[in-house]
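K.L.:
For reference, the structure I am asking about is given below.
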Amino acid sequence: MVASLSLESEIGCKTNCKTWSSKWILAEPQTAVMHERYNFPGAGIETHAFRETQSLVRPHLLTEGKSWPEVMPQLGGALYGAGCEEGWTNFGLYCYHFRVNETTFDTAWLACEAMGGDLASVWTLEERKFITDTLWQPVVSETEFAWFGLHGTQDNTWAYLDKSDVIMTDGVLTSSSGVPADKTNKCGAYMGTGGLAFLDCTAMTAQGYVCKKALPRVFATSSLLNHTIPAGTGLQPAPRGAQLFERVWPPLLPTLPPASHYLAEDDTDSETGCAFRCFNVHGCKAFQVTCITSDMCKSLTCTLLTQL
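Just so you know, the sequence shown maps onto residues 1 to 308 in the UniProt record's numbering.
In structure tokens, the structure reads:
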């Protein structure tokens with residue numbers, strides 16, 4: 001039997017408004033396909049994307065008649081500070097959102113997905129301290145819990161929802177009470193004291209959760225052109241001119257470029273690699289680089305733009 005969950009919401013904004021909807025389609029036993037539809041009324045563009053998830057979907061949640069969580073966080077698309085959206089806080093090359101809401105692991109995961117992120121993976125001790133020391137909200141007691149993205153698999157191993165590597169060394173996932181030998185149906189939660197707990201994913205709730213998504217960085221053609229290249233002679237043409245790109249920060253960049261400005265997209269290993277692609281593609285005036293989280297930011301998604 002195929003079951004589906006759907007959520008439709010209109011994201012309020014002043015420009016580049018879009019309607020977003022998604023539907024999980026469950027195929028037994030543990031495979032789901034998420035269909036996402038993005039409609040940009042002003043540009044007359046509608047795009048569709050299909051994402052398949054296998055081991056991360058919990059059958060007890062995606063069953064026929066099970067409704068999507070009634071209250072989904074809705075955050076604005078305006079950019080602030082280092083380039084994160086309103087309600088998100090920057091750390092390194094990522095944006096984080098701490099939400100106070102008593103919920104199960106699965107509901108927290110779906111909420112993060114609805115905001116374009118995942119329950120947070122934690123790769124370093126500094127990132128762990130940032131979550132517990134900076135993001136933790138004072139309205140949540142230090143002895144209460146907040147979900148992050150660690151969960152046990154059916155193979156009795158640890159995994160993150162964003163598919164990045166699980167690092168158990170250097171104090172990243174150490175716990176004074178030890179790590180459970182049976183990881184099945186166990187999920188990770190932090191305490192305000194900085195402690196780490198492994199809770200039952202389905203039978204227990206936490207009082208908050210931490211979402212994480214990659215920080216998109218946008219670079220545009222610089223107004224400072226290189227005029228030092230010599231002119232050509234009658235025998236040889238002038239060398240090709242140099243092109244400079246500078247990162248565009250809020251408030252000069254109020255929102256991320258809409259899909260109507262996308263020219264091409266590919267993976268690269270550096271910002272320089274993306275700049276080189278933009279330099280060599282006709283019509284490219286700017287580019288956006290975003291960490292590929294499953295690769296722990298060792299590679300980037302490079303999006304070429306026709307304009308900002």
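Just so it is clear, CB atoms sit at the ideal spot from N, CA and C, and this is done for glycine as well.
Only a predicted model underlies this, so the values are computations on that prediction, with no experimental measurement involved.
Does the separation of the CB atoms of residue 263 and residue 304 fall below 7 angstroms?
P.N.:
yes
K.L.:
Out of 190, 270, 107 and 197, state which residue places its alpha-carbon closest to the alpha-carbon of residue 344.
P.N.:
Because residue 344 is not part of the residues shown, which for the chain are 1 to 308, the question remains open.
K.L.:
Please confirm if the stretch 181 to 201 is in contact with the stretch 90 to 102, defined as three or more CB-CB distances below 8 angstroms between the two stretches.
P.N.:
no
K.L.:
Compute the Euclidean distance between the alpha carbons of residue 102 and residue 147, then round it to the nearest angstrom.
P.N.:
10 angstroms
K.L.:
Got a sec, what are the start and stop residues for the beta strand (DSSP E) residue 268 sits in?
P.N.:
Segment 262 to 268, the beta strand (DSSP E) holding residue 268.
K.L.:
Taking C-beta to C-beta, are residue 285 and residue 221 nearer than 7 angstroms?
P.N.:
yes
K.L.:
With DSSP as the reference, identify every bridge partner of residue 158, one or two as the case may be.
P.N.:
Looking at the DSSP output, residue 158 bridges to 152.
K.L.:
I need the straight-line Cα distance from residue 118 to residue 243, nearest angstrom please.
P.N.:
36 angstroms
K.L.:
Report the rounded CA-to-CA distance for residue 280 versus residue 269, giving the unit in angstroms.
P.N.:
17 angstroms
K.L.:
Mark residue 191 as exposed unless 16 or more other C-beta atoms lie within 10 angstroms of its C-beta, in which case mark it buried.
P.N.:
buried
K.L.:
Just to confirm, are residue 112 and residue 95 a CB contact at a threshold of 7 angstroms?
P.N.:
In this structure, residue 112 lies away from residue 95, with their beta-carbon atoms at least 7 angstroms apart.
K.L.:
Which whole-angstrom value describes the C-beta separation of residue 214 and residue 245, a residue pair presumed to lie in contact below a C-beta threshold of 8 angstroms?
P.N.:
Not a contact, Cβ separation roughly 19 angstroms.
K.L.:
Would you mind sorting residue 141 into buried or exposed? The rule is 16 or more other CB atoms within 10 Å of its CB.
P.N.:
exposed
K.L.:
Since I believe residue 79 is in contact with residue 258 (beta carbons under 8 angstroms), could you give me their beta-carbon distance rounded to a whole number of angstroms?
P.N.:
Contact doesn't hold; Cβ gap of about 13 angstroms is too wide.
K.L.:
Quick one: Cα of residue 123 to Cα of residue 116, how far?
P.N.:
20 angstroms
K.L.:
Classify residue 216 as buried or exposed, calling it buried when 16 or more other Cβ atoms lie within 10 Å of its own Cβ.
P.N.:
Its Cβ being crowded by 16 or more others within 10 Å, residue 216 is buried.
K.L.:
In its own chain, which residues sit with a C-beta less than 6 angstroms from the C-beta of residue 195, not counting the 5 before and 5 after it?
P.N.:
none
K.L.:
Put residue 201 into one of helix, strand or coil per three-state DSSP.
P.N.:
coil
K.L.:
Measure the C-alpha to C-alpha separation of residue 311 and residue 189 and round it to an integer number of angstroms.
P.N.:
Residue 311 is absent from the model: the chain starts at 1 and stops at 308.
K.L.:
Strictly under 7 angstroms for the Cβ-Cβ distance: is residue 307 near chain C by that measure?
P.N.:
The chain labelled as chain C is not found in the depicted structure, where only one protein chain is given.
K.L.:
Rank 288, 105 and 120 by C-alpha distance to the C-alpha of residue 206 and give the top, closest one.
P.N.:
Taking only the C-alpha atoms, the option nearest residue 206 is 105.
K.L.:
Quick one: what's residue 365 bridged to in DSSP?
P.N.:
No statement about residue 365 is possible, as the shown extent of the chain runs from 1 to 308 and does not include it.
K.L.:
Please classify residue 135: does DSSP put it in a helix, a strand, or coil?
P.N.:
helix
K.L.:
If I follow the unbroken beta strand (DSSP E) through residue 188, where does it start and stop?
P.N.:
For residue 188, the enclosing beta strand (DSSP E) starts and ends at 186 to 191.
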